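Participant: Sequential numbering of the sequence shown, starting at 1417, is according to this note's numbering.
Beta carbons: idealized from backbone N, C-alpha and C, even for Gly.
Source: prediction; values computed, not measured.
I'd like to ask you about the structure that follows.
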Amino acid sequence: MDDHVTAGVDGSPESRAAALWAAGEAVLRRVPLRLVHAVDWPLDPVFPGLGGQDADRWADRVLADTSEELQRRHPQLEITTRCPTARPAAALAAEAADAALLVLGSRGIGGLVGFLVGSVALAAVAATDTPVVLVRTADEAQDGSDSDAGAGIVVGVDIHEAGDRVLDFAFEEAARRGCALRAVHGWKLPPAYTYVPFFDPDDERDIGRSVTRTVDDMLLPWRRKYPAVAVTSSVFRGSPGERLVQESRGAGLVVVGRRRRRSPLGPHLGSVAHAVLHHAAAPVAVVAHD
């Protein structure tokens, strides 16, 4: 269990970037890499000219080409491939069940506007408890085994949630990469304060100091567990999503949490995770927690 990294590949530039990033991460972790391409049946209504054998050959070719490229880059890396027949999101979630990490691609939609996280990726994120990293084509160079592995990690901290899994993942990644970790928390005034005609600035400062102490208390066990990790924190009044996006520039990885929720309406992400996934200038790890 948890002894390999899994990457979803489909022949797109985004999945290639994800595979490259996943290979670097597998090298850092000293574990095998598993490449997965899910064949979605039935194909005929959508692609009348594409038969089952053609689809299988194409899938095998995608997996073989990706595996060969990664093997050239990392000769010592053990790589296996799988081609399950199932809906892609369900297949990826199933393959991630015994993995330490699932890595998927996301597509840029132009400049600083943001990034498109497809329905398959979102569904896979929501369907698995395994941490999922979303990688863009621009993140391709940030191969975890290369020099960019030393770029810092940014983690979003929520004092109102049980964030042990999120912090443990972030600290462990920072220790593995030998890089600094920056914890970010944004807070807002309670709604009742909007009805106070004259708000005392001292009250705001007191709230800020109290929140800062709470964040420091949350980080303390992890500082002790990972003493070699250089940790800084940023506690501020404002939107945590916006600040995490700002902090992502130049970072090697951004880590956010999501609550485990099963909604009949489909995958659901909190507003912070949603903002970071679509706008962060770095790979984003989403870690499920209770």
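Out of D1580, G1654 and R1621, state which residue places its alpha-carbon closest to the alpha-carbon of V1671.
Facilitator: It is D1580.
Participant: Can you give the Cα-Cα distance for A1696 and V1600, rounded to whole angstroms?
Facilitator: When rounded, the distance between both Cα atoms is 14 angstroms.
Participant: In whole angstroms, give me the CA-to-CA distance for E1620 and L1550.
Facilitator: If you take the alpha carbons of E1620 and L1550, they lie about 36 angstroms apart.
Participant: State the CB to CB distance for the pair A1540 and L1520, rounded to an integer number of angstroms; the pair is presumed to be in contact (CB under 8 angstroms).
Facilitator: About 6 angstroms; that satisfies the 8 angstroms criterion.
Participant: Kindly indicate the opening and closing residues of the alpha helix (DSSP H) around L1436.
Facilitator: Segment P1429 to R1445, the alpha helix (DSSP H) holding L1436.
Participant: Would you check if the region 1650 to 1663 and the region 1623 to 1630 touch, i.e. whether three or more CB-CB distances between them fall below 8 angstroms?
Facilitator: Yes: at least three Cβ pairs fall under 8 angstroms.
Participant: Where does the unbroken beta strand (DSSP E) through H1490 begin, and where does it stop?
Facilitator: H1490 -> no beta strand (DSSP E), and no H or E assigned at all.
Participant: Starting from the Cα of L1479, find the closest Cα among G1427, L1669 and R1445 and give me that residue.
Facilitator: Selected option, being the one with the closest Cα: G1427.
Participant: Please state the DSSP three-state secondary structure of S1649.
Facilitator: DSSP places S1649 in strand when its eight states are reduced to three.
Participant: Classify S1431 as buried or exposed, calling it buried when 16 or more other Cβ atoms lie within 10 Å of its own Cβ.
Facilitator: When all chains shown are included, S1431 counts as buried.
Participant: Could you please give the first and the last residue of the uninterrupted alpha helix (DSSP H) stretch that includes H1694?
Facilitator: S1687 to H1695 is the extent of the alpha helix (DSSP H) around H1694.
Participant: Spell out the partners DSSP gives L1517 in its beta bridges.
Facilitator: L1517 is bridged to V1421.
Participant: Since I believe S1483 is in contact with L1436 (beta carbons under 8 angstroms), could you give me their beta-carbon distance rounded to a whole number of angstroms?
Facilitator: At roughly 12 angstroms, the Cβ-Cβ gap does not stay under 8 angstroms, so L1436 and S1483 are not in contact.
Participant: Among the candidates G1602, A1644 and G1657, whose CA atom is the shortest distance from the CA of V1631?
Facilitator: Taking only the C-alpha atoms, the option nearest V1631 is G1602.
Participant: Kindly indicate the opening and closing residues of the beta strand (DSSP E) around G1713.
Facilitator: Lying before the first or after the last residue shown, residue 1713 is absent from the chain, which here runs from 1417 to 1706.
Participant: If we count the other Cβ atoms within 10 Å of its Cβ and call it buried at 16 or more, is D1769 buried or exposed?
Facilitator: Outside the shown range of the chain, which is 1417 to 1706, sits residue 1769, and nothing can be said about it.
Participant: Measure the Cβ-Cβ separation of F1381 and A1701 and say whether it is below 8 angstroms.
Facilitator: This structure cannot speak to residue 1381, because the chain is shown only from 1417 to 1706.
Participant: Bridge partners for A1701 per DSSP, in chain order?
Facilitator: For A1701, which the question treats as bridged, DSSP gives the partners V1549 and V1671.
Participant: Span of the alpha helix (DSSP H) holding V1536?
Facilitator: Residues S1535 to A1543.
Participant: Judging by CA-CA distance, which residue of R1446, A1537 and V1455 is the nearest neighbour of I1495?
Facilitator: Per the Cα distances, R1446.
Participant: Helix, strand or coil: how does DSSP classify G1478 here?
Facilitator: The amino acid occupying residue 1478 in the given sequence is Val; Gly does not appear at that position. Correct three-state label for V1478: helix.
Participant: How is L1532 classed by DSSP in three states: helix, strand or coil?
Facilitator: At L1532, the pLDDT of 48 sits below 50, so the modelled position is not reliable and the matter cannot be decided from this model.
Participant: Pick out whichever of T1553, A1646 and L1583 has its Cα sitting closest to the Cα of A1433.
Facilitator: Here the closest residue by C-alpha is T1553.
Participant: With a Cβ-Cβ cutoff of 8 angstroms, do G1572 and L1518 count as a contact?
Facilitator: Their beta carbons are not under 8 angstroms apart, which means G1572 does not touch L1518 by this criterion.
Participant: Does the distance between the C-beta of I1623 and the nearest non-hydrogen atom of the ligand NAD fall short of 7 angstroms?
Facilitator: With respect to small molecules bound, the structure shown includes none, and the ligand NAD cannot be examined in it.
Participant: Given A1646, which residues of its chain have a CB within under 6 angstroms of its CB, disregarding the five upstream and five downstream residues?
Facilitator: A1596.
Participant: Quick check: is the beta carbon of A1539 nearer than 8 angstroms to any beta carbon in chain B?
Facilitator: Checking the listed chains, one finds no chain B in this structure; it contains a single protein chain.
Participant: Measure the alpha-carbon distance for A1667 versus G1440 and round it to whole angstroms.
Facilitator: One C-alpha to the other measures close to 16 angstroms.
Participant: How long is the line joining the alpha carbons of W1638 and L1583, rounded to whole angstroms?
Facilitator: Taking the straight line joining both Cα atoms gives about 7 angstroms.
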